[in-house]
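Q: Protein chains in written order, with our numbering: chain A, 2 to 286; chain F, 5 to 412. Beta carbons are placed, not taken as given, at the ideal position from N, Cα and C, and that holds for glycine.
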Ligand code: SF4
Ligand code: SF4
């Protein structure tokens with residue numbers, strides 16, 4: 002049995018090698034800025050926290066009777082409301098912050114989705130397509146910002162999240178929240194333009210802004226960009242988000258699948274041929 | 005040959021449908037303790053499944069927006085697939101390495117694996133919010149080829165097919181279908197080779213599912229080597245399950261078993277314990293490497309750290325040493341105890357990753373509802389019922405009819 006044992010270990014080794022070789026071959030960052038994604042810049046120094054965008058969003062998504070619950074003070078988006086604004090007590094006083102899908106350049110949800118229901122549009126928004134989704138909720142496991150929400154109470158549940166008003170964008174209009182914002186805290190435009198604009202604001206008024214654009218590099222870059230007067234963790238942002246894209250975490254595994262699918266059967270066949278003649282051999286004790 | 009049953013030989017005297025009707029009737033006692041416990045649970049479980057489709061997933065589960073995968077995925081799929089890993093390891097040993105000694109337990113293991121996969125897919129469908137759209141993945145109008153879940157799903161599906169082909173000669177023997185038997189035996193070598201490949205990939209793929217949940221799983225359990233750890237641990241998890249199942253069926257199905265195999269069993273157990281010990285040694289070594297590589301010692305002095313040590317020392321290292329000791333001393337009792345401990349360890353590991361240490365920083369934790377437990381039990385029980393039905397009819401534990409001898 003010595004021979005077979007050695008071959009067995011070799012086969013295991015081959016698998017391990019195939020797996021780890023794949024791991025090295027991580028993600029060619031597939032065209033981060035290649036298409037001109039549309040984006041929205043949210044400047045929390047200009048936002049007065051009127052919550053108007055919450056109503057505009059609800060109305061634009063077929064829920065005109067939306068009422069903002071008084072409790073709890075810190076709310077989250079849920080299976081009914083795609084965006085919410087919370088107020089945070091910070092070192093510079095009470096500051097509002099709007100929350101919604103970040104519309105990542107390389108979205109984890111899109112890479113996770115096995116039916117392509119989650120889809121990054123060439124315009125920039127990441128949308129959910131009802132006819133494709135099978136409700137596996139893997140997008141919820143994968144999204145680093147906890148954005149997709151699931152209608153647990155429904156027999157034909159939907160995944161609910163901000164779609165950046167894709168229908169309006171396709172007609173050349175501005176997303177509802179940015180269109181209606183009375184303080185111009187939300188600016189809609191090309192992502193590269195908005196990054197430049199955000200930099201300009203930081204440079205011109207360094208006292209007013211914390212020197213960072215959240216979303217420029219977070220999770221490999223997002224179409225929602227944030228400016229803040231205080232460090233971003235004070236506004237409840239996850240500042241540990243990695244700067245490279247999340248789908249890159251699985252690229253190594255995925256690229257190792259094809260080689261294993263091809264090589265392993267050959268290896269197995271080889272071992273089979275090698276041991277075939279040992280018809281009488283039993284394992285040693 | 006067994007005295008009690010010899011169905012295959014008696015078939016030609018009856019019509020085919022008569023034979024099937026005859027076979028559908030229960031064999032064996034009806035009011036066994038197992039039946040008395042499992043029957044009401046199955047009925048209750050079916051009612052809950054009905055309610056789940058009538059009122060939505062939220063009506064019977066405690067799942068939240070933060071924890072979208074609960075017991076049905078964490079236990080039935082993530083843990084269950086590892087437990088069913090015995091089928092591909094044993095097929096590798098018998099059909100590829102040509103270790104004839106393990107052949108008597110091959111069929112029952114393959115059958116167990118096939119049924120496990122069949123029922124886990126059923127559990128998966130229960131968990132899908134929009135199960136009808138599963139066709140999108142199968143007929144291919146929407147291939148998400150960059151999705152780990154997509155690849156796992158396909159490997160899973162094809163592997164079920166491979167397992168079925170591997171088992172199908174037994175069905176042919178039961179039905180006395182000689183031509184089909186020859187054909188199925190001929191193609192099963194292909195199924196063997198692809199089955200093993202598909203297994204290696206979907207076992208590791210289940211670990212890869214969690215790679216993007218980087219910020220949600222406790223750092224002691226999350227690392228980029230999850231796919232490798234999952235596939236290595238599936239080897240000894242699967243074999244431990246084979247040991248446990250083998251010991252149970254030796255008590256329960258003695259009448260359906262060849263006498264000679266009975267004596268052979270202990271030496272099989274000893275051989276399997278060696279494989280477990282080796283597999284666990286590799287796994288431990290990997291765990292240590294990962295631990296050092298990720299500088300994980302900073303997390304050890306905390307409740308989660310102690311929990312990690314319980315898992316890794318109590319339920320990997322200790323059973324590993326027990327397997328090694330039992331292999332030397334041929335002590336089958338220790339082998340069985342070690343197998344149970346190993347299974348607990350794998351259960352802990354998979355549950356830790358998918359549920360217990362998932363979103364460990366949250367104040368509100370997910371605890372499965374009683375309905376989720378009942379449905380999980382229901383699925384396991386129905387599986388055992390089907391398994392029992394087949395074992396009592398087809399040549400699974402005993403040898404096949406004489407005409408089939410030697411061809412497989
Ligand atoms: S924030 Fe989440 S839901 Fe939105 S695009 Fe990124 S990964 Fe997808
Ligand atoms: S729940 Fe729907 S959108 Fe999300 S990953 Fe699954 S199929 Fe895709």
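(1) In three-state terms, what does DSSP make of residue 189 of chain A?
(2) Would the beta-carbon of residue 138 of chain A be found less than 7 Å away from any heavy atom of ligand 2?
(3) Who are the neighbours of residue 364 of chain F on chain A, taking C-beta pairs under 9 Å?
(4) Terminal residues of the continuous beta strand (DSSP E) containing residue 96 of chain A?
(5) Could you work out which residue in A:99, A:156, A:104 is closest to residue 192 of chain A when comparing CA atoms only?
(6) Which first and last residues belong to the alpha helix (DSSP H) in which residue 252 of chain A is found?
(7) Hey, could you find the ends of the beta strand (DSSP E) residue 42 of chain A is sitting in?
(8) Which residue from F:36, F:69, F:280, F:168 puts its Cα closest to that of residue 323 of chain F?
(9) Is residue 399 of chain F near ligand 2 - that is, is its Cβ less than 7 Å away from at least one heavy atom of it?
(10) So, residue 124 of chain F versus residue 71 of chain F, is the Cβ gap smaller than 8 Å?
(11) Would you say residue 236 of chain A and residue 96 of chain A are within 8 Å of each other, going by their C-beta atoms?
(12) Taking 7 Å as the cut-off, is the CB of residue 148 of chain A close to at least one heavy atom of ligand 1?
(13) Threshold first: 3 residues or longer. Then list the beta strand (DSSP E) segments lying entirely within the stretch 18–102 of chain F, N to C.
(14) For residue 110 of chain A, verify whether its CB is less than 7 Å away from any heavy atom of ligand 1.
(15) Check whether the Cβ of residue 162 of chain A sits closer than 7 Å to any heavy atom of ligand 1, and report yes or no.
(16) What three-state label does DSSP hand residue 27 of chain A in the structure shown?
(17) Roughly how many angstroms lie between the CA atoms of residue 104 of chain F and residue 276 of chain F, to the nearest whole one?
(18) Between which two residues does the alpha helix (DSSP H) carrying residue 181 of chain A extend?
(19) Just to confirm my understanding: we take residue 141 of chain F, look at its own chain, exclude 5 residues before and 5 after, and list those with CB closer than 7 Å. What are they?
(20) Closer than 8 Å, CB to CB, is residue 276 of chain A near chain F or not?
(21) Could you tell me how far apart the beta carbons of residue 170 of chain A and residue 126 of chain A are, in whole angstroms, since I believe they sit closer than 8 Å?
(22) Start and end of the beta strand (DSSP E) containing residue 87 of chain A?
(23) Classify residue 374 of chain F: buried if its beta carbon has 16 or more other beta carbons within 10 angstroms, exposed otherwise.
(24) Provide the residue(s) that pair with residue 119 of chain A in DSSP beta bridges, ordered along the chain.
(25) On a Cα-Cα basis, can you pick out the residue from F:283, F:128, F:176, F:353 that is closest to residue 189 of chain F?
(26) Within a Cβ cutoff of 8 Å, which residues of the same chain sit near residue 270 of chain A, ignoring the five residues on either side of it in sequence?
(27) What does the Cβ neighbour count give for residue 297 of chain F, buried or exposed, with the cut at 16 atoms within 10 Å?
(28) DSSP state of residue 401 of chain F, grouped into three classes?
(29) Taking buried to mean at least 16 other C-beta atoms within 10 Å of its own C-beta, is residue 109 of chain A buried or exposed?
(30) Taking the alpha-carbon positions, what's the residue 501 of chain F to residue 343 of chain F distance?
(31) Are residue 203 of chain F and residue 229 of chain F close, meaning C-beta to C-beta below 8 Å?
(32) Given a threshold of 16 other Cβ atoms within 10 Å of its Cβ, counted over all protein chains shown, does residue 108 of chain F qualify as buried or as exposed?
(33) Can a CB atom of chain A be found closer than 8 Å to the CB of residue 134 of chain F?
(34) Can you give me the start and stop residues for the beta strand (DSSP E) that residue 227 of chain A sits inside?
(35) Only counting the same chain, and skipping five residues up and downstream in sequence, which positions put a Cβ closer than 8 Å to that of residue 268 of chain F?
(36) Does residue 216 of chain F come within less than 8 Å of chain A when only Cβ atoms are used?
A: Reading from the atomic positions:
(1) strand
(2) True, at least one ligand heavy atom lies under 7 Å from that Cβ.
(3) Per Cβ cutoff of 9 Å: no residues; residue 364 of chain F is ~14 Å from chain A at best.
(4) 94–100
(5) For residue 192 of chain A, the nearest C-alpha among the options comes from A:104.
(6) From DSSP, the alpha helix (DSSP H) with residue 252 of chain A extends over 249–277.
(7) Run containing residue 42 of chain A: 39–44, per the beta strand (DSSP E) assignment.
(8) F:280
(9) no
(10) Contact: no.
(11) A contact, by the Cβ cut-off of 8 Å.
(12) yes
(13) none
(14) Yes, Cβ of residue 110 of chain A sits closer than 7 Å to a heavy atom of ligand 1.
(15) Yes, Cβ of residue 162 of chain A sits closer than 7 Å to a heavy atom of ligand 1.
(16) With a pLDDT of 36 at residue 27 of chain A, under the threshold of 50, the predicted position of this residue should be treated as unreliable, though the coordinate-derived value follows. Correct three-state label for residue 27 of chain A: coil.
(17) If you take the alpha carbons of residue 104 of chain F and residue 276 of chain F, they lie about 13 Å apart.
(18) 177–181
(19) 154, 157, listed in sequence order.
(20) Cβ-Cβ to chain F under 8 Å: yes for residue 276 of chain A.
(21) 6 Å
(22) The continuous beta strand (DSSP E) containing residue 87 of chain A extends over residues 85–91.
(23) exposed
(24) For residue 119 of chain A, DSSP records a beta bridge to A:129.
(25) F:176
(26) none
(27) exposed
(28) coil
(29) buried
(30) Residue coverage of chain F in this structure runs from 5 to 412, which leaves residue 501 of chain F outside it and unanswerable.
(31) Not a contact, by the Cβ cut-off of 8 Å.
(32) buried
(33) Residue 134 of chain F belongs to the set of residues whose beta carbon lies under 8 Å from a beta carbon in chain A.
(34) 225–228
(35) 105, 108
(36) Yes, residue 216 of chain F counts as interfacial toward chain A.
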